[in-house]
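Residue numbers (the numbering used here): -4 to 181.
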Amino acid sequence: MTKHVLVYLGDHTYKEGAVTRVLGDLKLPYTLLKDSDLSQKIGYLFSLDGFDKEEKDESLHIAYDLLLFRDLQDQDILAINALLDALDRKIQRKAMLTEHNKNWTFYELCLEIDKEHQYFDLMEQIKQILMSSKELIKEDYTASSWEIYEKAFYHAYDCLKKESDFNTLRLAHQALVDAQQGLTKR
-4 MTKHVLVYLG
6 DHTYKEGAVT
16 RVLGDLKLPY
26 TLLKDSDLSQ
36 KIGYLFSLDG
46 FDKEEKDESL
56 HIAYDLLLFR
66 DLQDQDILAI
76 NALLDALDRK
86 IQRKAMLTEH
96 NKNWTFYELC
106 LEIDKEHQYF
116 DLMEQIKQIL
126 MSSKELIKED
136 YTASSWEIYE
146 KAFYHAYDCL
156 KKESDFNTLR
166 LAHQALVDAQ
176 QGLTKR
């Protein structure tokens, strides 16, 4: 096993000292990526056999930060998370090297991970709204506004259970927010 971490900081370069210190303390080899590395295949960035540097003139940049792990164990990742959290330098987006993503450019991986991040963030927002609904009392609101709210509530709940696609979830979230804001007191 060849443990290695690819580190891309995007607009969060202020985290560099903390990240390199944590990875150094854990004796984990790492590579700090630059914007010019975003157009390279992940296999190349990890020095995997069969991958060569591709000459590209693309000027790419991603605002957020991301850690990509090769052959790290759960305890390694948990240690990285705990130490970065303790230094107030949390990195939300993380991924593991897979047979599938080694053929992607780092930029493509960033976009895919961001989609996943947005999806799970939206799911969490819906869960929070559903949980806050426990405090609402049906009798406090007009029947028509409550009916709209209740329909949006159950639709959002159903979308969560089914793990609906992002656009369906986004529409359910917006309908729920609109219905909650549209509740009219009696």
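Glycine residues also receive a C-beta, built at the ideal position from the N, C-alpha and C atoms.
Any beta carbon of chain D sitting closer than 9 Å to that of residue 87? Included in the structure is just one protein chain, with no chain D present.
Only counting the same chain, and skipping five residues up and downstream in sequence, which positions put a Cβ closer than 7 Å to that of residue 126? Position 131 of the sequence shown holds residue 126. Cβ neighbours of residue 126 beyond the five flanking positions: none.
Helix, strand or coil for residue 56 per DSSP? Numbered from its first residue, the sequence shown carries residue 56 at position 61. Residue 56 falls in the coil class under three-state DSSP.
(Q) Going by DSSP in three states, residue 85 sits in which element: helix, strand or coil? (A) Along the sequence shown, one-based indexing puts residue 85 at 90. If DSSP states are grouped into helix, strand and coil, residue 85 belongs with coil.
**Prompt:** With 16 other CB atoms within 10 Å as the buried threshold, where does residue 168 fall?
**Reply:** The count along the sequence shown starts at 1 and reaches residue 168 at position 173. The residue in question, residue 168, is buried, as its Cβ has 16 or more Cβ neighbours within 10 Å.
* Take every Cβ of the region 130 to 149, pair it with every Cβ of the region 160 to 179, and state whether three or more of those distances are shorter than 8 Å. => These segments touch.
Nearest to residue 3 (by Cα), restricted to the options 15, 157, 151 and 60
Position 8 of the sequence shown, counted from the first residue, corresponds to residue 3. For residue 3, the closest of 15, 157, 151 and 60 by C-alpha to C-alpha distance is 60.
DSSP has residue 65 in a bridge; who is on the other side? Here residue 65 is taken as the residue at index 70 of the sequence shown, counted from 1. -1.
Problem - For residue 27, the three-state DSSP class (helix, strand or coil) - result: Translated into positions along the sequence shown, residue 27 becomes position 32. In the structure shown, residue 27 sits in a strand (DSSP, three-state: E or B).
Next on the checklist: Since residue 36 and residue 93 should fall inside the 8 Å C-beta cutoff, what is the C-beta to C-beta distance between them, to a whole number of angstroms?
Outcome noted: Here residue 36 corresponds to residue number 41 of the sequence shown, with the count starting at 1. Here residue 93 corresponds to residue number 98 of the sequence shown, with the count starting at 1. With 8 Å as the limit, residue 36 and residue 93 do not qualify as a contact, their Cβ atoms being about 13 Å apart.
Original post:
Between the C-alpha atoms of residue 136 and residue 145, what's the straight-line distance to the nearest angstrom?
Top reply: In the sequence shown, counting from the first residue as 1, residue 136 sits at position 141. In the sequence shown, counting from the first residue as 1, residue 145 sits at position 150. Cα-Cα distance, rounded: 11 Å.
Kindly indicate the opening and closing residues of the alpha helix (DSSP H) around residue 106. Your numbering for residue 106 matches position 111 in the sequence shown. Going by DSSP, residue 106 is part of the alpha helix (DSSP H) stretching over 101 to 127.
Pick helix, strand or coil for residue 180, following the three-state DSSP scheme. Here residue 180 is taken as the residue at index 185 of the sequence shown, counted from 1. In the three-state scheme derived from DSSP, where H, G and I count as helix and E and B as strand, residue 180 is classed as strand.
ask   = Quick one: what does DSSP say residue 36 is sitting in, helix, strand or coil?
value = Your numbering for residue 36 matches position 41 in the sequence shown. Of the three classes helix, strand and coil, the one that applies to residue 36 here is strand, per DSSP.
- Can you name, in chain order, every residue of its own chain whose Cβ lies under 8 Å from the Cβ of residue 88, other than the five neighbours on each side? Your numbering for residue 88 matches position 93 in the sequence shown. The residues are 59, 60, 61, 62, 105, 108, 109 and 112.
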